[in-house]
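Be aware that the sequence shown starts at 4, since it is given in our numbering, and climbs by one per residue.
Glycine included, every Cβ here is placed at the ideal spot set by N, Cα and C.
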Amino acid sequence: MSDVVTLTVEGRVATMSLNRPDVLNTLNDEMAHALKAITTEVAADDAVRCLIVRGEGGHFMAGGDIAYFSECIKVPVAERHPEITKIIATIHEAIVNLREMPKPVVASVSGAVAGFGMSLMAACDLAVAADNTKFASAYCQLGVSPDGGGTFFLPRMVGDKRAREIMFLGERITAEEALAMELVNKVVSVGELAGVTGALAQRLANGPRDAIIGSKRLLNSSVNNTLGQQLLLEQQSFADCAMSADFEEGVRAFIEKRPADFS
4 MSDVVTLTVE GRVATMSLNR PDVLNTLNDE MAHALKAITT EVAADDAVRC LIVRGEGGHF
64 MAGGDIAYFS ECIKVPVAER HPEITKIIAT IHEAIVNLRE MPKPVVASVS GAVAGFGMSL
124 MAACDLAVAA DNTKFASAYC QLGVSPDGGG TFFLPRMVGD KRAREIMFLG ERITAEEALA
184 MELVNKVVSV GELAGVTGAL AQRLANGPRD AIIGSKRLLN SSVNNTLGQQ LLLEQQSFAD
244 CAMSADFEEG VRAFIEKRPA DFS
């Protein structure tokens, strides 16, 4: 397997690392296919209960590889469209994998988070940022519109008007600004990032599995459902969770006034 994206597993927590630090982990064709392959693998691995997504070398991802784009503009226009379409379709499969996999995904970001890097972070369920992180959409500055689900996730995270401002202008956003607009869940120092993210992932991995999976599925489905449809899904999911050993343990722990020990 390619080493431009690596996967490590410790206990119930997997870590997917973007590994092109010499170019700020920018996306090229090889990385696109690696992201698709690894997210597919993690989604199917029942032993993994939580996934961390991070970048090597102090940066998360600075968008697309400018060297790749430079080669693209040398290709005749008629041939360019299918090539670009192909790579974007590949990364979009990875985005769907992250959003729909039956386990929580935590982004651990620092340094540059731009372009597809911002979309990738947004696709994760939670995000912890180092205080040195700088965010930027950056698409319009290259003369292209966003990909990676950015136009889907961003309005739902920060609101429509703010999303348009971020996308149209591409201005840099600091970590504290990102926290204030709910792009991320938490901001910590660079030195604390790995530890805080790891502790959060471990907490999720040791939590009630069916309840977390059910909550993620319900939140995802709420985007397109009516209230009636969503209430029915909640009813079904709650009843399914109530069949589990985790439900029995949760109730007993509450009655006995002790921390629950979920399986």
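Assigned secondary structure, residue i (DSSP; H/G/I helix, E/B strand, else coil)
| i | result |
| --- | --- |
| Glu-174 | coil |
| Ser-247 | coil |
| Leu-222 | helix |
| Pro-29 | The amino acid at residue 29 is misidentified as Pro; the sequence shows Thr. Three-state result, Thr-29: coil. |
| Leu-21 | strand |
| Val-78 | coil |
| Gly-120 | helix |
| Lys-189 | strand |
| Met-184 | coil |
| Thr-11 | strand |
| Gly-217 | helix |
Pairwise C-alpha distance: residue j and residue i
| i | j | result |
| --- | --- | --- |
| Leu-123 | Pro-149 | 12 Å |
| Val-56 | Pro-262 | 28 Å |
| Val-78 | Leu-196 | 41 Å |
| Leu-230 | His-36 | 38 Å |
| Leu-203 | Val-51 | 15 Å |
| Gly-67 | Ala-139 | 13 Å |
| Arg-83 | Cys-75 | 7 Å |
| Glu-103 | Ile-69 | 30 Å |
Assigned exposure category for residue i - 16 Cβ within 10 Å defines buried
| i | result |
| --- | --- |
| Val-193 | exposed |
| Thr-88 | exposed |
| Ile-41 | buried |
| Val-187 | buried |
| Met-246 | exposed |
| Pro-244 | The question names Pro, yet the displayed sequence has Cys at residue 244. Classification for Cys-244: buried. |
| Ser-113 | buried |
| Arg-206 | exposed |
| Gly-1 | Residue 1 lies beyond the stretch modelled for the chain, which goes from 4 to 266, so this question has no answer here. |
| Lys-106 | buried |
| Gly-146 | exposed |
Proximity of residue i and residue j at Cβ, strictly below 8 Å
| i | j | result |
| --- | --- | --- |
| Gly-58 | Leu-10 | no |
| Cys-127 | Val-108 | yes |
| Ala-117 | Ala-141 | yes |
| Asp-213 | Asp-264 | no |
| Met-19 | Val-8 | yes |
| Ala-132 | Val-199 | no |
| Ile-90 | Gly-151 | no |
| Leu-30 | Met-64 | yes |
| Tyr-71 | Asp-25 | no |
| Leu-235 | Ser-224 | no |
| Ala-130 | Ala-110 | yes |
7 Å Cβ shell around residue i - same chain, five flanking residues per side excluded
| i | result |
| --- | --- |
| Arg-165 | Met-184 |
| Met-160 | Ala-125, Glu-185, Leu-186 |
| Gly-253 | Pro-211, Ala-263 |
Own chain partners of residue i with C-beta closer than 8 Å, once the 5 adjacent residues on each side are dropped
| i | result |
| --- | --- |
| Ala-17 | Leu-10, Thr-11, Val-45, Asp-48, Val-51, Cys-53, Leu-54, Ile-55 |
| Ile-176 | Lys-137, Phe-138, Ala-139, Ile-169, Met-184, Leu-186 |
| Phe-257 | Ala-263 |
| Ala-181 | Ala-132, Thr-136, Phe-138, Val-187, Val-190 |
Beta-carbon contacts of residue i that lie in its chain and below 6 Å, excluding the five residues immediately before and after
| i | result |
| --- | --- |
| Ala-208 | Arg-15, Val-16, Arg-52, Cys-53 |
| Ile-216 | Pro-105 |
Contact test: residue i Cβ vs the ligand HEM heavy atom, cutoff 7 Å
| i | result |
| --- | --- |
| Ala-50 | Only the bare structure without any ligand can be found here, which leaves the ligand HEM out of the picture. |
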